[in-house]
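Before any comments, here is the structure.
In the working numbering, the protein residues as written are 1 to 700.
Set out below in C-alpha cells:
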C-alpha cells in the first residue's frame, strides 16, 4: 500500500503561497482547514510563515524528515523541488504542476527525467498535471479543490483533475461520503493499476470508482483489477475510445472490434463494472457502498402509483432482471395486509392512499420472501404518503440481507426524505430506471463473483504444421494467409476441413473435382482479393466436369476484369458441404489486451445488424457458451420458430480452439472463419472459408 502518499505523517508543500487564489495557497489552506493532524511544512523562499505555520526557504533547511512532498512550483523549478524532496526523505511526491508531457516533446523529456530521478531513489511519483490527493479518513486534503465531501467509503481515482473538482463539489452537495480522491494526471509513474491495487487492501474503502481515459498496461490491469474485484466492487467510467484502430483492419472481426469493444471485454473478464456515464458511476458506487450484493437477479417492486411502477417494471425487464411473483404464502399475507384494490403481483401496488404503515407491511413481507433477491421501493408524494416518515421506517425495517434501493420521485416535497435516506444508508434515485440500472450492476457483479473457477482446456494440436505455414509467410514477406494455408493451420487444430486442393488450370480443376467427388465449390485464390464473392470469385454446387471447366474459365475472366492488378494463384476446388447454420468465428489482436475472440451469425446478422459478441482469450468452456448466449440471435441457434437447434457444443469447442491458436501464435493478428457451418447435434461442423493476417512485426 502507498502509505507515504495516502497516510503521511509529515507533508511538505513546495511552492506554498501567501496569496489566496494561488494554487500554492489553496492547497496549504486545504491541509490546514481540513484538520490534518500531522506536520505541515510550507516551502517558500520569500515567507517566514503562512497561515500561522513556520515557512522554510527550501526543504534543505527543514531539520526533520518528510513522508510526502506536494510540488506546486513552476515547471522549470520542478526538477530541483523533486530532488530536494528526496533529500528530505520523501517516499512519495505529488507534482501538481502542468507543462510536461501534455504540452509536447520537451515537456515529455522533462517528465521522463522526473521519473528517472524518483525511481533511482525508490520514490513514487504522482502526476504531473494533477489535482492532488484527498483522504477523508486521515483528515488530509492535499488538493486545491474548493469543496470537500463528507467522510465515506467510496474511493475515487481519476485521470482528470478537473473532473475530480466536479466530483468533490457534486458529492458535497449530495452529502455523498467519499474516502479517498486521487487525481493522477499524466501518470508518469503511478497509474490506475497502482491505485486499484492500493485501494483493494485499504480497510476504509468499500468501493473503488474510477474515471479513466487510457490504460497503460492492459495485461497488468486485467490481473490487478480481477484481484481487486474479488475483494470489493470496482466501477469504472472509461472515455476516450475511438474506432481508429478498426480503420486499418482487413477482417470482419477487426473492422467490428474497436477500442471500446476491447475495454468492454477486458472489464467483463476482470469483474470491473462499467458505468456508461458520470451519473451511472456514482449511482452504482452508492448502491455497492451501502447495500449487500444480491444473491440473484429476482427483483420485487413496491409502489404507490401505477405509472412509476410500470416504469420500473419495464426497466427491469429491459435490463434482464427477473420480475418474479411473490410466493403463495407472501401473497396470502399481502392480501391480508393490503386493501382489496391493491395489486399483489409484481409490481406490488399499495395504492396512492397508502400511509407509511401500509408500505412497511408490504416491504416486510417481501423482505422475507425466498423468491425475491432484491427490492426497489418507488414512492410518489400523495396526501397520505408522509415521505420523511416512510424513509425513516424503511431504513429501520430493512434487515440488510437483501439490497434495498429506492426511487422517491419529486422535488421539494420529498427533499427531506431523500436526505434522510442518504443519511441512513439507503440509496435513492430520482427515477425508477436509474435504481434498476444500479441493481443490474449489482447483479452482474454478484454473478461474476459466483463464477466457476476458470479452467482453460488445452487441445492436442500439430504445431509443427502451423510453424511451417507461418514461417513461410514470414520469410516471403506475405502478411495475408489465404484460404488454402489458413485451412491447413485450422486442420492442425483439429477443425474439420472438407477435401479440396488448389487448381492452376481448368483441367486441373476437373481432375481435383473428379477425385474428391461432386458437387464441388470453386473459389478464386488470390492474396490481393479478400472478399472473393465481391469480385465474382465463388461458384457453388458444380455438379459435373463441364460445369467445373466452364466455372473456372468464367471466374478467371470475371476476376481479371474486376481486379486487373491482382495476383491470381488459381482456384480452390472443394467438396460441397452439407447445409447448416452459417456463423462467423474470428479473432483480432488488441494492442492493449491481446487476442480478442468474436462470434456471430453470418450474413445479415454480422453485415447489417452487427450482432456479435467478443471475449478476451484464453476462454473457458463456460465463457465460450456465454459468447453464444450474448448474441441477440441466440434464440435461432437454440431452434426458434420450429427450426432444429444447432450443435452449441461444437460452436463452443471451435471458439476454444481459436482461443488456443491465438494464444499459441502471437504472430497472428487477425483471423476469420467465415462461414463456419454448424448443423444439428450429430452432424459435423466444418470450415467453409477462412483467412488470417500476420502482424507486420513478424515480418522483421
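Where is the CB? At the ideal position from N, CA and C, for every residue including glycine.
Here the structure is a predicted model, which means the values were calculated and not measured.
Enclosing beta strand (DSSP E) for residue i [first to last residue]
i, result
"residue 216", "It is not in any beta strand (DSSP E) - residue 216 carries neither H nor E in the DSSP assignment."
"residue 155", "151-158"
"residue 12", "10-14"
"residue 542", "538-542"
"residue 71", "68-71"
"residue 208", "207-212"
"residue 701", "The requested residue 701 is not part of the displayed model; the chain covers only 1 to 700."
"residue 568", "Note, residue 568: premise wrong, no beta strand (DSSP E); not H, not E."
"residue 596", "594-601"
"residue 94", "92-95"
"residue 40", "39-43"
"residue 319", "From DSSP, residue 319 is part of no beta strand (DSSP E); its letter is neither H nor E."
"residue 182", "178-183"
DSSP three-state assignment for residue i, whether helix, strand or coil
i, result
"residue 476", "helix"
"residue 686", "strand"
"residue 676", "strand"
"residue 432", "helix"
"residue 274", "strand"
"residue 408", "strand"
"residue 87", "helix"
"residue 327", "coil"
"residue 696", "helix"
"residue 691", "strand"
"residue 387", "helix"
"residue 123", "coil"
"residue 613", "strand"
"residue 303", "strand"
"residue 230", "coil"
"residue 701", "Given a span of 1 to 700 for the chain in the structure shown, any question on residue 701 remains unanswerable."
"residue 379", "strand"
"residue 350", "coil"
"residue 523", "strand"
"residue 507", "helix"
"residue 458", "coil"
"residue 3", "helix"
Limits of the alpha helix (DSSP H) - the one that residue i falls within
i, result
"residue 663", "648-664"
"residue 30", "23-33"
"residue 354", "That residue, residue 354, is in no alpha helix (DSSP H); it is neither H nor E in DSSP."
"residue 734", "The structure shown has nothing for residue 734, since the chain only spans 1 to 700."
"residue 638", "634-638"
Per-residue burial, residue i [other beta carbons within 10 Å of its own, 16 or more giving buried]
i, result
"residue 303", "buried"
"residue 459", "exposed"
"residue 629", "exposed"
"residue 308", "buried"
"residue 60", "exposed"
"residue 557", "exposed"
"residue 63", "exposed"
"residue 641", "exposed"
"residue 277", "exposed"
"residue 236", "buried"
"residue 476", "exposed"
Distance between beta carbons of residue j and residue i, contact taken as under 8 Å
i, j, result
"residue 559", "residue 530", "Between residue 530 and residue 559 the Cβ distance is about 13 Å, and since that is not below 8 Å, they are no contact."
"residue 127", "residue 155", "In fact, because the Cβ distance is near 18 Å, the residues do not count as touching under 8 Å."
"residue 133", "residue 145", "Actually they do not touch by this definition, with Cβ atoms about 11 Å apart."
"residue 580", "residue 677", "4 Å"
"residue 272", "residue 225", "5 Å"
"residue 701", "residue 218", "What is shown of the chain runs 1 to 700, which leaves residue 701 out entirely."
"residue 603", "residue 622", "Not really, about 28 Å apart at Cβ, beyond 8 Å."
"residue 571", "residue 498", "About 15 Å separates the two Cβ atoms, so there is no contact after all."
"residue 611", "residue 597", "That pair is no contact at about 15 Å."
"residue 487", "residue 690", "6 Å"
"residue 478", "residue 403", "Wrong, their Cβ atoms sit about 57 Å apart, outside the cutoff."
Neighbour flag for residue i against chain C, beta carbons, 8 Å
i, result
"residue 423", "Absent from the structure: chain C. Only one protein chain is present."
- prompt: Looking at C-beta atoms only, is the number of pairs between the stretch 113-127 and the stretch 162-170 that lie closer than 8 Å three or more?
  reply: Cβ pair count under 8 Å is below three, so no.
query: Would you call the stretch 507-522 and the stretch 530-543 in contact, with 3 or more CB pairs under 8 Å?
result: With three or more CB-CB distances shorter than 8 Å, the stretch 507-522 counts as touching the stretch 530-543.
- request: Take every Cβ of the stretch 66-76, pair it with every Cβ of the stretch 44-56, and state whether three or more of those distances are shorter than 8 Å.
  value: No, because fewer than three Cβ pairs between the stretch 66-76 and the stretch 44-56 fall closer than 8 Å, the two stretches do not touch.
query: Quick one: any contact between the stretch 506-514 and the stretch 686-697, if contact means 3 or more CB pairs under 8 Å?
result: No, they do not touch.
- prompt: For the stretch 257-267 against the stretch 394-409, are there 3 or more C-beta pairs whose distance is under 8 Å?
  reply: No contact exists between the stretch 257-267 and the stretch 394-409.
- request: Determine, using beta-carbon pairs with one atom in the stretch 362-375 and one in the stretch 384-392, whether at least three such pairs fall under 8 Å.
  value: Between the stretch 362-375 and the stretch 384-392 there are fewer than three inter-stretch CB-CB distances shorter than 8 Å, so the stretches are not counted as touching.
- prompt: Using 8 Å as the Cβ pair cut-off and three pairs as the minimum, do the stretch 311-320 and the stretch 435-454 touch?
  reply: Touching, per the Cβ criterion.
task: Would you check if the stretch 94-104 and the stretch 34-41 touch, i.e. whether three or more CB-CB distances between them fall below 8 Å?
output: In the pairwise beta carbon analysis, the stretch 34-41 is classified as not touching the stretch 94-104: fewer than three pairs are separated by under 8 Å.
query: Are at least three pairs of beta-carbons, each pair with one atom in the stretch 411-419 and one in the stretch 332-344, less than 8 Å apart?
result: The stretch 411-419 and the stretch 332-344 do not touch, with fewer than 3 CB-CB distances between them shorter than 8 Å.
message: Check whether the stretch 653-667 and the stretch 559-572 touch, using three or more Cβ-Cβ pairs below 8 Å as the test.
response: No, they do not touch.
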